[in-house]
Amino acid sequence: MSTMKRSCEDRTAILDPEQYKVAWIAPLEIEARAALCLLDERHHGRFPVSRGDDYIFEAGVMGGHNIIIATLPAGQEYGNGSAAALASQLKKCFPNLWFGLLVGVAAGLPNISRGRDIRLGDILVGLPDGNSAGLIAYDLGKEIEDGFELLRHGHSLAMTEPIVLSAIGNIKLQAPNERDNFLPYYEKIANLDHPTGTFADPGQDYDILYDDESQMIQRSSRPAHKRSRVWYGPIGSGDKLLKNAEKRNLLRDKYDLIGLEMEAAGTINRIPVGAIRGVCDYGDRHKNKDWQPYAAAMAASYARSLLDVIRPSLPSAFDSRTEANQQQRTAGGIQEPCYYIPLMRNRRFTGRESFLKALNEMAFGEDQVNRIALVGLGGVGKTQIALQFAYQVKEKYPHHSIFWVPTLSGEGAERVYVEIARRLGVQKTNDDDDVKELVCQHLASGKAGKWLLIVDNADDPDLILGNGENPGLERYLPLSDNGIVLITTRARQIAVDLAQSDVLYVEEMDREEAICLLTTSLIHKPQTGNEELILQLLTKLTFLPLAISQASAYLNQNKAPIRTYLKLLGGAESEVSKILGT
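When we follow the UniProt record's numbering, the leftmost residue of the sequence shown carries the number 1, and every step to the right adds one.
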């Protein structure tokens with residue numbers, strides 16, 4: 001079957017609305033783009049529509065949940081009315097909805113005098129606080145003699161689904177370290193492209209708060225490892241776009257709000273949703289759209305981590321059909337190839353040809369090896385090399401299955417093994433079965449066919465190699481003449497223990513590779529004669545690919561010339577750490 005024909009069939013496939021139980025509502029385009037980037041798997045096809053339906057939905061899998069991503073049509077005015085219409089069609093079209101998440105951007109409402117130092121890019125989570133509702137419809141009410149009275153003290157809204165509140169509470173218990181749950185998801189999409197740039201952090205130097213319309217409040221930058229913070233409390237929802245600091249402060253103080261947004265009040269009476277918002281402005285006349293991509297990505301990453309806490313309901317018919325199809329595909333003996341690569345291909349990948357050539361030779365040459373390790377400092381490009389290699393293998397060796405296992409945490413690795421098992425059609429026979437062991441045994445057998453397994457960020461010796469109390473993930477890495485295990489790690493000990501002498505040491509880019517990466521990543525290409533400035537910048541960034549990518553994202557977001565950016569960097573070596581976010 002031709003690629004074009006298969007693509008057309010994918011687009012015309014009919015998806016079954018009954019198999020989708022979670023609604024992810026992202027009213028703005030940039031919010032929906034962030035959500036799509038975080039899908040573990042995208043379901044190609046369309047839901048059936050009837051006359052009177054105004055919205056078309058995207059679908060996929062996150063954390064084992066079949067979810068719908070709903071957004072407003074291009075050009076439609078956003079607010080509670082539009083969100084209400086969107087939520088109404090969701091409720092009508094998807095009869096088995098369990099809960100919803102309203103995920104996107106909002107105005108943050110700092111209150112420095114009360115220690116509420118909310119920053120751009122922080123995350124706001126709507127939760128009841130004392131007598132306040134988790135969501136305050138601040139323009140729903142009635143005029144009385146003493147002023148405007150909210151209906152039921154603002155709690156004119158339906159409750160958030162208890163399972164969502166419970167999941168939020170579970171993550172909140174880990175404060176102030178809850179960022180460990182969602183930052184790995186943000187890092188996965190930070191440098192992905194969208195029409196106006198990437199989802200990268202514009203930088204704390206451009207986060208300016210005004211007490212009134214002109215009085216700037218001085219705030220020191222947060223340390224890089226504490227760059228992000230989550231705030232829990234009531235969020236105001238209304239139809240009015242607020243650009244007035246005085247009115248903002250009045251609303252904040254009257255209802256003790258942490259933020260303001262424009263859709264929740266329209267959705268929550270129709271679908272019980274949890275409101276997750278990234279701060280993109282402060283609700284004053286200085287608001288603009290520069291921070292929306294970063295804020296949308298941060299909110300989406302937190303929401304994605306919530307889905308990891310909430311276990312999916314019993315397997316749906318959709319999952320059963322998937323497993324049946326997989327069993328049918330393996331009935332003839334050797335399994336047809338399947339893939340789990342949660343990272344999108346980096347279209348701006350450049351250089352590193354020597355490493356790709358070496359990987360290809362070690363994996364597919366005359367003297368094939370079963371395990372290979374890429375070892376090097378953080379930010380040197382190990383993950384990107386492995387990712388490029390994965391997509392090259394997919395193109396050049398179509399009979400190979402490819403699986404990607406991130407090992408930032410044991411829980412995350414466990415979830416990925418569950419997903420790989422699902423795609424392979426590997427099932428438990430009893431509750432005591434270890435899914436990691438089952439996947440390992442299956443890949444080690446001849447039934448699995450050819451495969452490539454990539455173990456990324458294998459940096460923690462206790463997690464990877466084990467300790468006296470727990471076995472490491474090493475135990476679940478299959479060994480087979482049919483397969484290759486590729487490990488990326490900062491730890492030489494782990495590289496040698498897993499791959500013996502088959503280790504490639506990754507260093508910073510050479511001059512030509514670094515220049516190529518920077519120039520191809522910039523929207524506005526450097527003019528001829530700027531070679532010395534480019535070299536100065538690359539030297540300060542120590543030719544590290546991640547630092548170069550982050551710097552180019554910063555330059556693109558802020559339309560800053562290289563000379564100005566060099567002045568911001570100054571001479572401090574610590575600035576590279578800030579760019580890397582480490």
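Virtual Cβ for every residue (Gly too), placed ideally from N, Cα, C. Quantities reported herein were computed from a predicted structural model and do not represent experimental measurements.
Just the C-alpha distance for residue i and residue j, rounded to the nearest angstrom, thanks.
| i | j | result |
| --- | --- | --- |
| Q557 | F199 | 9 angstroms |
| T520 | A553 | 11 angstroms |
| residue 665 | R179 | Because the chain here runs from 1 to 582, residue 665 falls outside it and cannot be looked at. |
| N346 | G121 | 24 angstroms |
| G466 | I171 | 26 angstroms |
| E187 | S50 | 39 angstroms |
| A13 | I68 | 16 angstroms |
| S316 | I25 | Unreliable positioning characterises S316 in this predicted model, as indicated by a pLDDT of 42, which lies under 50. The coordinate reading is nonetheless provided below. Roughly 22 angstroms separates the two Cα atoms. |
| residue 632 | A514 | This structure leaves residue 632 out entirely; the chain is present only between 1 and 582. |
| E41 | L15 | 14 angstroms |
| V416 | V405 | 6 angstroms |
| L522 | T350 | 13 angstroms |
| G100 | L39 | 16 angstroms |
| T488 | I189 | 19 angstroms |
| L314 | N181 | Annotation note: pLDDT 46 at L314 (below 50); position unreliable, coordinate value reported separately. If I take the Cα positions, the gap works out to 24 angstroms. |
| R511 | F543 | 7 angstroms |
| G379 | R352 | 14 angstroms |
| D432 | L36 | 34 angstroms |
| C338 | E31 | 30 angstroms |
| I475 | A495 | Note on residue identity: the sequence assigns Arg, not Ile, to residue 475. Distance between the alpha carbons of R475 and A495 is about 15 angstroms. |
| W231 | V61 | 27 angstroms |
| N370 | P128 | 54 angstroms |
| C516 | L538 | 11 angstroms |
| S220 | S113 | 15 angstroms |
| E143 | R422 | With a pLDDT of 38 at E143, under the threshold of 50, the modelled position of this residue cannot be trusted, and the question is left open. |
| G169 | S445 | 42 angstroms |
| Y565 | K226 | 23 angstroms |
| P526 | H43 | 40 angstroms |
| D281 | H524 | 26 angstroms |
| D462 | L498 | 14 angstroms |
| A70 | L306 | 18 angstroms |
| I136 | A295 | 21 angstroms |
| K540 | L569 | 8 angstroms |
| Y397 | F364 | 10 angstroms |
Going by DSSP, what residue range makes up the beta strand (DSSP E) through residue i?
| i | result |
| --- | --- |
| R492 | Element bounds for R492: not the beta strand (DSSP E) but the alpha helix (DSSP H), 492 to 499. |
| residue 584 | The displayed coordinates of the chain run from 1 to 582. Any statement about residue 584 would go beyond what the structure contains. |
| L97 | First-last for L97: undefined, no H or E at that position. |
| Y476 | No beta strand (DSSP E) holds Y476; DSSP gives it neither H nor E. |
| T489 | 483 to 489 |
| L135 | 135 to 137 |
| N66 | 65 to 70 |
Am I right that residue i and residue j are in contact with their C-beta atoms under 8 angstroms? What's the rounded C-beta distance?
| i | j | result |
| --- | --- | --- |
| residue 587 | G108 | There is simply no residue 587 to check, as the chain begins at 1 and stops at 582 in what is shown. |
| T407 | I464 | 7 angstroms |
| L477 | V455 | 7 angstroms |
| L183 | S228 | 7 angstroms |
| L356 | I385 | 7 angstroms |
| A74 | E29 | 7 angstroms |
| A245 | D284 | 4 angstroms |
| residue 647 | A83 | Residue 647 is absent from the model: the chain starts at 1 and stops at 582. |
| L424 | G483 | The pair is not a contact, with the Cβ atoms about 13 angstroms apart (cut-off 8 angstroms). |
| L209 | P110 | 6 angstroms |
| residue 601 | E414 | Because the chain spans 1 through 582 in this model, residue 601 falls outside it and cannot be assessed. |
Could you spell out where the alpha helix (DSSP H) holding residue i opens and where it closes?
| i | result |
| --- | --- |
| residue 636 | Because the chain in this structure spans residues 1 to 582, residue 636 falls outside the shown range and cannot be described. |
| C37 | 29 to 37 |
| P406 | Taken as a continuous stretch (DSSP letters only), P406 belongs to no alpha helix (DSSP H), being part of the beta strand (DSSP E) at 400 to 406. |
| A275 | A275 -> not in any alpha helix (DSSP H); beta strand (DSSP E) instead, spanning 273 to 281. |
| A200 | Per DSSP, A200 belongs to no alpha helix (DSSP H) and is neither H nor E. |
In terms of alpha-carbon separation, which member of the options lies closest to residue i?
| i | options | result |
| --- | --- | --- |
| S480 | D460, I494, L452 | L452 |
| I118 | L173, E474, A83, G233 | G233 |
| I534 | E508, K447, I562, L343 | I562 |
| D434 | K450, P471, G449, I217 | P471 |
| G236 | N249, R490, I372, L568 | N249 |
| I372 | E366, L359, G379 | L359 |
| G376 | A560, Y505, A224 | Y505 |
| P312 | A34, A499, H44, E419 | E419 |
| K447 | E336, K287, A106 | E336 |
| V485 | P272, Q215, P27, C440 | C440 |
| R222 | M216, Q215, D207 | D207 |
| P342 | G412, I136, P176, L209 | G412 |
| L518 | S354, L124, Q493, I548 | I548 |
| R304 | D460, E532, A34 | A34 |
Are the segment 274 to 286 and the segment 295 to 308 touching by the rule of at least three beta carbon pairs closer than 8 angstroms? By the C-beta criterion, the segment 274 to 286 is judged to be in contact with the segment 295 to 308, since at least 3 inter-stretch pairs fall below 8 angstroms.
Does the segment 389 to 399 come within contact of the segment 161 to 170, defined as at least 3 CB pairs closer than 8 angstroms? No, the segment 389 to 399 does not touch the segment 161 to 170.
Does the segment 87 to 101 come close enough to the segment 44 to 60 to have 3 or more Cβ pairs within less than 8 angstroms? Yes, the segment 87 to 101 touches the segment 44 to 60.
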